[in-house]
Amino acid sequence: MRLTAPRLVLLVVLLMETSYLLMTLKKMQILEEECSYLQENAEFGISKGEKRRGEPTIYVVTPTYKRMTQIADMTRLSQTLMHVSNMHWIVVEDAETTSEVVHELIERTGLPYTHLAAAKPPDTKESKWMGRGVFNRREALRWLREEKAEGILYFADDDNSYDVRIFEQMRATQKVSVWPVGMILGLGISSPIVRNGKIEAFHDGFQWGRKFSVDMAGFAVNLRLLHINPDATIPTRVSYLEDGFLKKLRIDLKDLEPLADGCTQVLVWHTKTRSPATPDLKHVEAQYVDTNLYQLYRNMLR
Ligand code: UDP
Ligand code: MN
């Protein structure tokens, strides 16, 4: 068959139409995938660490340690984090090795995570000057530096209560963002004092030589600051962990970015879970050892 001019035109048109059709089909496939993902998550109302293009990742660092209230606290925190998109959870156990119970709990969330362990040195255990969760938070900082992670760093203790709105707000942190924390010892609240959009001091029951009187749950840091200040770390002295860390980031009060509606809202609470009685298998009466109770106790005491 000869390729005359009209035939050539026809062929080109046909080829163009075919490629257009293929492109449309591909687009439809992507849309369908996105829709089914949204639908699936809408049922649960959760985002399970959903990736949204162009959004900075929030690295949530949680130091945790074994105790009777740990799983209750960690369950509450993990299910809060399931509502946060573009989030990477770094859980660091204060222990020689990671535990199976915590690992299973994190796995169940479906969130992107890193599970580490870093025990406090044994000789520091009795010291009343030693801050809590120091060495495991340091391990998270080491990991973030090693990974050259970019995004936002937030220290979320396992026992606090978090309104998911604070995560969306902290995502825009340029250097260090700050906001009030409720239920803090002393005044019942700890908050930056904001005038004309700038932070000029702190309203906190414990000042004592602190430049930054903030709670661990009351600030987020752009990871760039961690990388350009390689010696920034969590100091060991109790009550000075936040202040010591922020000072090492070489920032000024004027660099702080107030969130939570200009620090007028409480979106994070320093809740504490009361220690219950410790379940003990010897409380199970002899006639019930062949019931569910035996397994229930074993599961609780894992
Ligand atoms: N933590 C830890 N090891 C300890 C004590 C505490 O890893 O020996 C963790 C704990 O799980 C929490 C954070 O450090 O995430 C702060 O501890 P806690 O809530 O007991 O102290 P708070 O600041 O509320 O007094
Ligand atoms: Mn706490």
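Take the sequence shown: its letters are residues -24 to -1, 1 to 278, numbered as in mature numbering (1 follows the signal peptide of the UniProt record, and there is no 0).
The beta carbon of each residue, even a glycine, is placed where N, CA and C say it ideally should be.
Every value quoted in this text rests on a predicted model; they were computed, and no experiment measured them.
According to DSSP, is residue i part of a helix, a strand, or is it coil?
i: H91; result: strand
i: D249; result: Per the sequence presented here, residue 249 reads as Thr, with Asp not at that position. Note: T249 maps to coil in three-state DSSP.
i: L277; result: coil
i: T40; result: strand
i: L(-11); result: helix
i: A71; result: coil
i: V77; result: helix
i: P159; result: It is Met, not Pro, that sits at residue 159 in the sequence shown. The answer is coil: DSSP assigns M159 none of H, G, I, E or B.
i: F188; result: coil
i: F182; result: coil
i: A262; result: helix
i: A193; result: helix
i: L272; result: helix
i: M4; result: helix
i: R171; result: strand
i: S61; result: coil
i: V177; result: The sequence as given places Ala at residue 177; Val does not occur at that position. Looking at A177 - three-state DSSP - the assignment turns out to be strand.
i: V140; result: coil
Are the CB atoms of residue i and residue j nearer to each other than 8 Å?
i: A193; j: A262; result: no
i: T85; j: L57; result: yes
i: D139; j: V244; result: yes
i: I175; j: S166; result: no
i: A95; j: E76; result: no
i: G127; j: Y(-5); result: no
i: residue 279; j: L222; result: There is no way to answer for residue 279, as the model of the chain reaches only from -24 to 278.
i: G158; j: G181; result: no
i: V152; j: V197; result: yes
i: P39; j: R141; result: no
i: L129; j: L199; result: yes
i: F195; j: V60; result: no
i: N136; j: T247; result: yes
i: L225; j: A208; result: yes
i: L269; j: P255; result: no
i: A48; j: T267; result: no
i: P156; j: V78; result: no
Using 8 Å for Cβ pairs, my map puts residue i next to residue j. What's the rounded Cβ distance?
i: L81; j: M50; result: 6 Å
i: G238; j: V170; result: 5 Å
i: L53; j: Q145; result: L53 to Q145, Cβ: 18 Å. No contact.
Below 7 Å, is the gap between the Cβ of residue i and the nearest heavy atom of ligand 4?
i: Y216; result: With respect to ligand 4, the structure offers nothing, as its ligand set consists of ligand 1 and ligand 2.
Meets three-Cβ-pair contact criterion under 8 Å: the stretch 201 to 216 and the stretch 109 to 124: yes
Length at least 4, wholly inside the stretch 91 to 131: the alpha helix (DSSP H) runs in chain order: 110 to 122
Residue ranges of each alpha helix (DSSP H) within the stretch 204 to 258, 4 or longer: 217 to 224, 236 to 239
Three-pair Cβ contact test at 8 Å for the stretch 87 to 103 versus the stretch 59 to 74: yes
Cβ contact check for the stretch 99 to 115 and the stretch 207 to 216: 3 or more pairs under 8 Å: yes
Cβ contact check for the stretch 183 to 190 and the stretch 214 to 228: 3 or more pairs under 8 Å: yes
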